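Participant: By the count of the working numbering, the sequence shown reaches residue 581 at its end, each step adding exactly one.
Think of the CB as a built atom: it goes at the ideal place given N, C-alpha and C, for glycine as much as any other residue.
The structure displayed is predicted, hence computed values, not measured ones.
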Amino acid sequence: MRNGDPTGQELRRRDARPGWSQPGWYRWRKTSWSAYNATPAPERTEVGALVATWDHDDDPATPDRVDWVCSGTMIDTNTFLTAAHCTTDWPDNVRFYVSLDQDVQSGLDAAAVKYPGNPSAQANAVAVEGAAHSHPGYPGPASDTHDISVIELPAAKVAARWSFTPATLPTANQLGTRQLNSTDWFVAGYGTQEAVRGPGGHTHPGGGVRMKAPVTFNALNNSWVRLAMTAPQGNGGACYGDSGGPNFAVLGGKTVLAATTITGDSPCYATNVTYRLDTPGARAFLSPFVKLP
Numbered sequence: 289m290r291n292g293d294p295t296g297q298e299l300r301r302r303d304a305r306p307g308w309s310q311p312g313w314y315r316w317r318k319t320s321w322s323a324y325n326a327t328p329a330p331e332r333t334e335v336g337a338l339v340a341t342w343d344h345d346d347d348p349a350t351p352d353r354v355d356w357v358c359s360g361t362m363i364d365t366n367t368f369l370t371a372a373h374c375t376t377d378w379p380d381n382v383r384f385y386v387s388l389d390q391d392v393q394s395g396l397d398a399a400a401v402k403y404p405g406n407p408s409a410q411a412n413a414v415a416v417e418g419a420a421h422s423h424p425g426y427p428g429p430a431s432d433t434h435d436i437s438v439i440e441l442p443a444a445k446v447a448a449r450w451s452f453t454p455a456t457l458p459t460a461n462q463l464g465t466r467q468l469n470s471t472d473w474f475v476a477g478y479g480t481q482e483a484v485r486g487p488g489g490h491t492h493p494g495g496g497v498r499m500k501a502p503v504t505f506n507a508l509n510n511s512w513v514r515l516a517m518t519a520p521q522g523n524g525g526a527c528y529g530d531s532g533g534p535n536f537a538v539l540g541g542k543t544v545l546a547a548t549t550i551t552g553d554s555p556c557y558a559t560n561v562t563y564r565l566d567t568p569g570a571r572a573f574l575s576p577f578v579k580l581p
């Protein structure tokens with residue numbers, strides 16, 4: 289989390305749309321985990337990484353690329369919630385997988401050695417393949433971009449590899465009925481660290497390990513929750529690769545998956561802009577895939 293990609297290169301960013309999918313080869317992962325307040329999150333077993341294989345060079349003779357590209361959360365036994373900008377605008381041959389491993393990057397590194405030139409085997413070594421369903425209205429207007437997606441997975445294969453309790457979704461308008469300034473929030477994901485200044489400009493080290501960090505409430509509107517990631521207030525935050533990942537709030541004594549990470553300031557210093565999950569639009573999209581509270 290607001291710790292970055294060791295190369296500092298945004299090679300995974302596929303386009304310039306706002307989002308925090310992972311910097312590196314193609315996808316813009318929004319994973320901001322503050323180096324200063326982020327800690328490993330092995331207990332957050334419902335939080336996972338979105339892995340993809342795809343044709344990155346339009347050459348069928350070369351192996352497809354494989355990488356983790358975003359973060360997300362299991363919201364029932366077979367449904368992984370993430371962001372639509374993580375699952376759209378890919379080559380036609382893209383395949384999506386979900387991993388609940390604590391350190392997906394190390395797993396992919398080991399699989400690349402064990403299965404050289406075989407991206408499918410590499411992805412299957414760390415993850416389970418599923419089918420993506422992006423919001424049909426994405427990308428919508430700034431007031432509601434519909435930046436939400438799910439990956440439907442074979443529940444038996446997921447259960448055979450990992451043990452987890454699905455995240456609790458909010459009830460309808462649960463955030464809008466509360467005073468959120470005193471609510472405890474934290475963000476989780478696999479993303480990089482905040483920007484580090486160097487001779488070549490900003491870099492974003494790290495990424496690929498499940499982390500968590502505290503954040504504080506800043507503002508709420510009909511679709512978005514803005515969360516402060518400012519270090520002087522004791523916050524951590526999200527960055528590249530954390531896109532689609534969870535922002536949990538303690539509501540009524542329960543830890544609730546209140547919103548998903550979408551975007552923020554480019555150096556990952558100040559604000560995490562997150563998509564509310566308690567709105568009519570979000571709930572209408574999710575209702576065919578999961579039982580809503």
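Answer yes or no: do S511 and Y563 have a C-beta to C-beta separation smaller than 8 Å?
Facilitator: As a first step, residue 511 is located in the sequence shown; it is residue number 223 there, counting from the start. As a first step, residue 563 is located in the sequence shown; it is residue number 275 there, counting from the start. Going by C-beta atoms, S511 is nearer than 8 Å to Y563.
Participant: Can you find the residues in the same chain that come closer than 8 Å, C-beta to C-beta, to A447, ignoring five residues on each side of it along the sequence?
Facilitator: Working through the sequence shown from its first residue, we reach residue 447 at position 159. For A447, where only same-chain residues beyond five positions count, the Cβ hits under 8 Å are T365.
Participant: CA-CA distance, P429 and A570?
Facilitator: What you label residue 429 is simply residue 141 of the sequence shown in a count that begins at 1. What you label residue 570 is simply residue 282 of the sequence shown in a count that begins at 1. One C-alpha to the other measures close to 15 Å.
Participant: Roughly how many whole angstroms lie between the Cα atoms of N560 and A537?
Facilitator: The residue labelled residue 560 in the question sits at position 272 within the sequence shown. The residue labelled residue 537 in the question sits at position 249 within the sequence shown. Rounded to the nearest angstrom, the two C-alpha atoms are 14 Å apart.
Participant: So, does the CB of L574 fall closer than 8 Å to a CB anywhere in chain B?
Facilitator: The displayed structure is made up of one protein chain only, and chain B is not part of it.
Participant: Can you find at least 3 beta carbon pairs, one from the segment 325-339 and one from the segment 466-473, that sit closer than 8 Å?
Facilitator: These segments do not touch.
Participant: Let's test the definition: count the other Cβ atoms within 10 Å of the Cβ of T548 and tell me whether it reaches 16, buried, or not, exposed.
Facilitator: Locating residue 548 in the sequence shown gives position 260, counting from the first residue. Buried, since its Cβ has 16 or more Cβ neighbours within 10 Å.
Participant: Going by DSSP, what residue range makes up the beta strand (DSSP E) through F536?
Facilitator: In the sequence shown, counting from the first residue as 1, residue 536 sits at position 248. F536 -> beta strand (DSSP E) spans 534-539.
Participant: Does the distance from the CB of G496 to the CB of Y528 come in under 8 Å?
Facilitator: Within the sequence shown, numbered from 1, the residue matching residue 496 stands at position 208. Within the sequence shown, numbered from 1, the residue matching residue 528 stands at position 240. No. Outside cutoff.
Participant: Could you pull the DSSP bridge partners for Y385 from this structure?
Facilitator: As a position in the sequence shown, residue 385 is number 97, starting the count at 1. Answer is V339, E417, bridged to Y385.
Participant: Does Q390 pass the burial test, meaning 16 or more other C-beta atoms within 10 Å, or should it be called exposed?
Facilitator: On the sequence shown, position 102 is the one that residue 390 refers to. Label assigned to Q390: buried.
Participant: Starting from A476, follow the beta strand (DSSP E) in both directions and report where the run begins and ends.
Facilitator: Taking the sequence shown and counting its residues from 1, the one referred to as residue 476 is at position 188. First-last of the beta strand (DSSP E) with A476: 473-477.
Participant: Could you give the C-beta distance for L515 and N506, rounded to a whole number, given that I count them as a contact under 8 Å?
Facilitator: Within the sequence shown, numbered from 1, the residue matching residue 515 stands at position 227. Within the sequence shown, numbered from 1, the residue matching residue 506 stands at position 218. Their Cβ separation, rounded to whole angstroms, is 6 Å, which keeps L515 and N506 in contact under 8 Å.
Participant: If you measure between the beta carbons of D435 and P379, is that distance less than 8 Å?
Facilitator: Locating residue 435 in the sequence shown gives position 147, where the first residue counts as 1. Locating residue 379 in the sequence shown gives position 91, where the first residue counts as 1. No.
Participant: So, using beta-carbon positions, are V386 and V339 closer together than 8 Å?
Facilitator: If you number the sequence shown from 1, residue 386 lands on position 98. If you number the sequence shown from 1, residue 339 lands on position 51. In this structure, V339 lies closer than 8 Å to V386 by Cβ.
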